[in-house]
Amino acid sequence: MTSSTTTTSLPAPSASGDVSNDQSNKNDKVTVKEYAAYFCYGFGQCFSYGIIGSFILIYYTDVVGISSAIASAIFLIARLWDAIFDPLVSGFMDSRAPRKSGKFRRWMKIAPIFVVVATICCFINPGISLTGKIVFCGATYILWGTCYAFSDIPFWSMSTVMSRNRQTRTDLVTIANIGVSAGIGMASIMMPVMLAQFEKSHTPSQSYLIAVAIMMLAGFIIMEFGYKFTKERVSAAAKGEKLTFGQVFQAAKANKYMLMILGVFFLKFFMEMVNNMMVYFFTYNMGDADLMTGFGLIGTFSALTYFLIPVLTRRYKKISIVRVLFVAEIIFRVIFFFVGYANTALTFVFIAITWCLYSMSNPILSAMLAETIEYSQVKTGYRAEAVVFGGQTFSSKLAIAIGGATTGLLLTFLGYQPNATQTPETLKGLFIIISILPALGALLKLLVLWKFDYTEDVFKKCQQILIQRGAAGYETSSDDIPSDPKDIQEGILDE
1 MTSSTTTTSL PAPSASGDVS NDQSNKNDKV TVKEYAAYFC YGFGQCFSYG IIGSFILIYY
61 TDVVGISSAI ASAIFLIARL WDAIFDPLVS GFMDSRAPRK SGKFRRWMKI APIFVVVATI
121 CCFINPGISL TGKIVFCGAT YILWGTCYAF SDIPFWSMST VMSRNRQTRT DLVTIANIGV
181 SAGIGMASIM MPVMLAQFEK SHTPSQSYLI AVAIMMLAGF IIMEFGYKFT KERVSAAAKG
241 EKLTFGQVFQ AAKANKYMLM ILGVFFLKFF MEMVNNMMVY FFTYNMGDAD LMTGFGLIGT
301 FSALTYFLIP VLTRRYKKIS IVRVLFVAEI IFRVIFFFVG YANTALTFVF IAITWCLYSM
361 SNPILSAMLA ETIEYSQVKT GYRAEAVVFG GQTFSSKLAI AIGGATTGLL LTFLGYQPNA
421 TQTPETLKGL FIIISILPAL GALLKLLVLW KFDYTEDVFK KCQQILIQRG AAGYETSSDD
481 IPSDPKDIQE GILDE
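Listed below in structure tokens is the structure:
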């Protein structure tokens with residue numbers, strides 16, 4: 001890896017003033033088929049994420065017979081394991097020498113198999129004692145998180161090695177998030193439909209297992225298509241070169257903007273609580289569990305708003321867009337609380353608006369996260385894509401765990417009784433959680449990003465510095481990266 005203090009002479013500038021190489025720029029172009037494939041991998045993978053995020057808690061409490069408090073303990077133990085394991089996975093991937101098959105694609109080839117198996121295992125209800133079931137549920141849930149890391153980290157990291165073009169990366173992350181939202185939404189749509197059908201001739205336990213198996217086999221096929229038609233273009237290091245774990249850690253430690261964004265991703269646990277509570281809210285507050293399908297449709301079609309993101313990011317800074325979305329979400333959630341849920345149609349209108357505002361921020365945050373890799377590379381000389389997106393994966397899984405654990409504890413606090421009529425206090429508490437609590441999360445996100453000043457202009461300056469150094473992945477420039485022979489490192493390196 002090129003040292004952070006190494007400099008090289010600049011390539012000859014093109015007529016436009018850009019450092020360019022026609023063949024490099026041609027090879028840097030992402031095809032429509034690749035966009036579709038990248039979408040498909042996230043779509044198929046998030047059948048698993050959506051199933052676990054929305055149905056595992058109610059499966060534990062209402063089918064397996066585990067108390068919500070015990071389920072919360074399982075979630076917390078699993079995340080303690082992830083706190084150790086996920087950084088090791090990220091560091092391991094970043095420390096491996098590049099291969100012909102690519103730095104991340106080789107993991108995307110085999111990981112789907114393990115994600116499918118682990119997800120199905122989470123919904124096996126063995127005929128053993130309650131203590132044995134608790135141990136089995138804990139083991140399979142931890143297995144799921146472990147397998148998911150080997151799939152999710154390389155999936156998000158791919159967006160940084162498919163192109164060096166800033167807007168192309170934003171488009172890739174947007175497409176990925178559309179796939180993710182559509183996959184989660186599809187799980188929310190199809191699971192209730194299949195469960196209702198299978199429960200006519202099977203037990204609830206069998207119905208869950210059959211439905212999950214069907215969803216995950218479909219997800220596997222879609223993920224394999226995603227793997228096959230994606231391509232890595234940006235080398236993270238010279239051929240055969242490896243990073244040490246110390247260098248990977250140094251790159252992560254220096255990336256203060258990454259840490260801010262990961263803090264925002266962690267605060268998604270407020271919305272994870274909403275995801276967990278929705279099935280309870282529709283079942284008991286609204287009196288119709290089938291309304292969960294409508295929520296799934298909202299999650300799926302809210303992804304259409306993502307097509308606005310490339311338009312918005314071409315005109316406005318990403319951090320400004322995110323802040324506006326957070327403020328709007330707070331306003332609409334407060335209004336929702338005061339309006340109430342007596343009118344079903346109006347309730348779904350508020351759920352749709354607030355969900356769209358929330359979900360639109362995620363692709364933009366992921367694009368902002370991807371751009372911090374260049375900042376870290378300028379500061380330390382090392383690219384560490386897997387650590388950056390491993391942090392996103394860990395933050396998201398931690399959000400799931402905290403959301404699930406907190407939901408379980410709140411259900412106990414609210415006096416929830418499985419398969420029974422709930423008290424007015426319990427119903428009121430459920431509504432507060434899905435309306436007001438996420439507004440608090442949005443407010444905290446605003447505070448975390450209060451001093452975030454890593455804008456698109458700074459990102460381009462980082463790219464210019466890397467071109468001057470001839471750093472890994474920047475030996476030649478793309479059309480989006482202008483060259484400035486003047487040394488511009490001082491302001492960034494001396495922060």
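Numbering (UniProt numbering), first residue to last: 1 to 495. Glycine is no exception: its CB is placed at the ideal position from the N, C-alpha and C atoms.
Item: Beta-carbon proximity check, M273 vs T406, cutoff 8 angstroms; Value: yes
Item: Length of the line joining the Cα atoms of Y60 and A71; Value: 7 angstroms
Item: Cβ neighbours of F136 in the same chain (closer than 8 angstroms, five flanking residues each side left out); Value: I124, P126, I128
Item: P112: first and last residue of the uninterrupted alpha helix (DSSP H) it sits in; Value: 105-121
Item: L57 beta carbon less than 8 angstroms from that of G408; Value: yes
Item: Span separating the alpha-carbon of A384 from that of Q377; Value: 8 angstroms
Item: Delimiting residues of the alpha helix (DSSP H) encompassing L304; Value: First-last for L304: undefined, no H or E at that position.
Item: Outcome for E425 when other beta-carbon atoms lying within 10 angstroms are tallied against a minimum of 16; Value: exposed
Item: Contact test: C121 Cβ vs the ligand PLP heavy atom, cutoff 7 angstroms; Value: Looking at this structure, you won't find the ligand PLP or any other ligand, since it has none at all.
Item: The stretch 285-296 in contact with the stretch 138-147 per 3-pair CB rule at 8 angstroms; Value: no
Item: Span of the alpha helix (DSSP H), counted from its first residue to its last, around R469; Value: 456-469
Item: Classification of Q23 by the beta-carbon crowding that lies within 10 angstroms, buried from 16 upward; Value: Caution is warranted here: a pLDDT of 40 is assigned to Q23, below 50, making its placement in the model unreliable, and no coordinate value can be reported.
Item: Reference E374, options A211, R79, R469, closest by Cα; Value: R469
Item: C-alpha gap between G179 and R315, whole angstroms; Value: 24 angstroms
Item: Counted within 10 angstroms of its Cβ, other Cβ atoms place G132 as buried (16 or more) or exposed; Value: exposed
Item: Cβ contact (3+ pairs, closer than 8 angstroms) linking the stretch 259-275 and the stretch 437-446; Value: yes
Item: When Q167, I400, Q422, T423 are compared against I77, the one with the closest alpha-carbon; Value: I400
Item: The stretch 413-431 / the stretch 305-320 touching (three or more Cβ pairs under 8 angstroms); Value: no
Item: Collapsed DSSP secondary structure at Q422 in the structure displayed; Value: coil
Item: Sequence ranges, alpha helix (DSSP H) only - wholly within the stretch 360-428, length at least 4; Value: 385-414
Item: Three-state secondary structure assigned by DSSP to M158; Value: helix
Item: Where T170 falls: helix, strand or coil (DSSP); Value: helix
Item: Whether V387 touches T372 by CB criterion (8 angstroms); Value: no
Item: L80, DSSP secondary structure in three states; Value: helix
Item: Cβ shell of G183 (< 8 angstroms), same chain only, five flanking positions each side left out; Value: G42, F43, G44, Q45, C46, F47, Y49, G50, G219
Item: Bounding residues of the alpha helix (DSSP H) (the contiguous stretch that carries P204); Value: 204-228
Item: Residue nearest to Q167 in terms of C-alpha spacing, selected from Y341, V212, I309, N362; Value: I309
Item: Proximity below 8 angstroms, CB of T300 to CB of M191; Value: no
Item: Opening and closing residue of the alpha helix (DSSP H) in which F265 lies; Value: 256-266
Item: N-terminal and C-terminal residue of the alpha helix (DSSP H) that P126 is part of; Value: Looking at the DSSP string, P126 is not in any alpha helix (DSSP H), and its letter there is neither H nor E.
Item: Candidates A367, F431, L398, A420, of which the one nearest F459 by Cα; Value: A367
Item: Nearest residue (CA-CA) to F269, options V448, S151, T380, L398; Value: L398
Item: Burial state of Q197, where buried means 16 or more other Cβ atoms lie within 10 Å; Value: exposed
Item: Rounded Cβ spacing between R333 and S435 (contact assumed at less than 8 angstroms); Value: 6 angstroms
Item: Check whether P154 and M223 have beta carbons under 8 angstroms apart; Value: no
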